[in-house]
Amino acid sequence: MRHLRVLLAVADEGSITRAAAALGLSQPSLTAQLQRIERVVGEQVFVRGRAGVRTTQFGRGLLTRARTVLREMDRLLLDSAPGERGEVVLGDSGLLLARVIPRLERELAATGTALAVRAHIDPAAAALIAMLRSGRLDAAVISEVIGFELPVAAGVHRVTVVPVEPVFIALSARHRLAARPEVDLADLADEAWIVNPHDNPGWMASVRAACAQVGFQPRVAYESSHMAGARAFVAGGQCVAIADPLSPEHNGVVFRPLAGDPVCGRLDLAWVDQCPVPADLLHRVVAEEYRAMVERTAGYRRWWADHGRILA
Numbered sequence: 046m047r048h049l050r051v052l053l054a055v056a057d058e059g060s061i062t063r064a065a066a067a068l069g070l071s072q073p074s075l076t077a078q079l080q081r082i083e084r085v086v087g088e089q090v091f092v093r094g095r096a097g098v099r100t101t102q103f104g105r106g107l108l109t110r111a112r113t114v115l116r117e118m119d120r121l122l123l124d125s126a127p128g129e130r131g132e133v134v135l136g137d138s139g140l141l142l143a144r145v146i147p148r149l150e151r152e153l154a155a156t157g158t159a160l161a162v163r164a165h166i167d168p169a170a171a172a173l174i175a176m177l178r179s180g181r182l183d184a185a186v187i188s189e190v191i192g193f194e195l196p197v198a199a200g201v202h203r204v205t206v207v208p209v210e211p212v213f214i215a216l217s218a219r220h221r222l223a224a225r226p227e228v229d230l231a232d233l234a235d236e237a238w239i240v241n242p243h244d245n246p247g248w249m250a251s252v253r254a255a256c257a258q259v260g261f262q263p264r265v266a267y268e269s270s271h272m273a274g275a276r277a278f279v280a281g282g283q284c285v286a287i288a289d290p291l292s293p294e295h296n297g298v299v300f301r302p303l304a305g306d307p308v309c310g311r312l313d314l315a316w317v318d319q320c321p322v323p324a325d326l327l328h329r330v331v332a333e334e335y336r337a338m339v340e341r342t343a344g345y346r347r348w349w350a351d352h353g354r355i356l357a
């Protein structure tokens, strides 16, 4: 089944790079998987080119059968949900679900709804969308990058909760810029950066574009998919990083907004038809808990007072 989903991701995205991001894989890993699949089936499924990938005649037939098989498997899984499995599975690319889940559990209990709430955290918005499409998630909080939005996914409903969410910069508390209320992007020209290789690639693409506007390209010196490890590098003054504005300051790391907000995101709530929790309830809980988190985060609270809003 995994091989079928790999093939469909490449076909739907039209690009190995975008498919790898959607699946949460590295591009070399996905390329190796495709080569193994083509060796097993004995035919070429895709033709690679500068503009992306094109499906061969054999591949079109194979993908048609693959979609049928996966559709039937998804139907079998969904037939048991939510009543028989008695749970709702939520996804998030950030910190919000830590507050949303206990609140949602209280709301459901108050109505007598016996439904467990599970969570899946993934920094890549494309991976969360893929999980929604495959039936592995019922709903998700999606963090989009303005100017680098993901394509509309069939069968996934979306509504914007926070139309503009800034990107903050993580700095060592001892950094020369840490005392400032906000940081000019141009002042980071000589800094090393640490990035999460599994994050939404749109974030770093947006940072690179914004840096180019002020005359430099960020020097990515470190990669870490481990948040605590990345913070240790930042706290030691070895690098800076982009940061979720809801992140709490601790362990020698501070968060500052970028002057003029050259890099911004958008927070959406996404769900699928089989979601056992009403979308309006999810929207209300997500919006209210987001606002509560803003109030608990001093730096973001100051930014929000001038710029923030939530869509009803």
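Sequential numbering from 46 applies to the sequence shown in the working numbering.
We put the CB at the ideal spot given by N, CA and C, even for glycine.
Secondary structure at residue 158, three-state DSSP: helix, strand or coil? coil
DSSP state of residue 317, grouped into three classes? coil
Under the three-state DSSP convention, the category residue 85 falls into: helix
Spatial neighbours of residue 123 within its chain, please: C-beta separation below 7 Å, excluding the five flanking residues on both sides. Legend: pLDDT at residue 123 = 45, less than 50; position of this residue unreliable, no value from coordinates given.
Grab the span of the beta strand (DSSP E) containing residue 271 for me, first residue to last. No beta strand (DSSP E) holds residue 271; DSSP gives it neither H nor E.
Report the rounded CA-to-CA distance for residue 244 versus residue 96, giving the unit in angstroms. 24 Å
Please report the distance separating the alpha-carbon of residue 188 from that of residue 80. 32 Å
With distance defined between alpha-carbon atoms, name the residue in 274, 231, 206 and 50 nearest to residue 262. 231
Per DSSP, what are the beta-bridge partners of residue 185 in this structure? 136 and 315
Please determine if the stretch 167–175 and the stretch 59–70 are in contact, where contact requires at least 3 C-beta pairs separated by less than 8 Å. yes
Burial state of residue 75, where buried means 16 or more other Cβ atoms lie within 10 Å: buried
Buried or exposed for residue 342, please, with buried defined as at least 16 other CB atoms from any protein chain shown within 10 angstroms of its CB. buried
Terminal residues of the continuous beta strand (DSSP E) containing residue 242? Residue 242 -> no beta strand (DSSP E), and no H or E assigned at all.
Pull up the distance between the alpha-carbon of residue 126 and that of residue 195, whole angstroms please. With a pLDDT of 46 at residue 126, under the threshold of 50, the predicted position of this residue should be treated as unreliable, and no value is reported.
Start-to-end residues for the alpha helix (DSSP H) that takes in residue 292: From DSSP, residue 292 is part of no alpha helix (DSSP H); its letter is neither H nor E.
Under the assumption that residue 143 contacts residue 52 (Cβ atoms under 8 Å), give the Cβ distance between them as a whole number of angstroms. Residue 143 to residue 52, Cβ: 35 Å. No contact.
Going by other Cβ atoms of all chains shown within 10 Å of its Cβ, with 16 needed for buried, is residue 269 buried or exposed? buried
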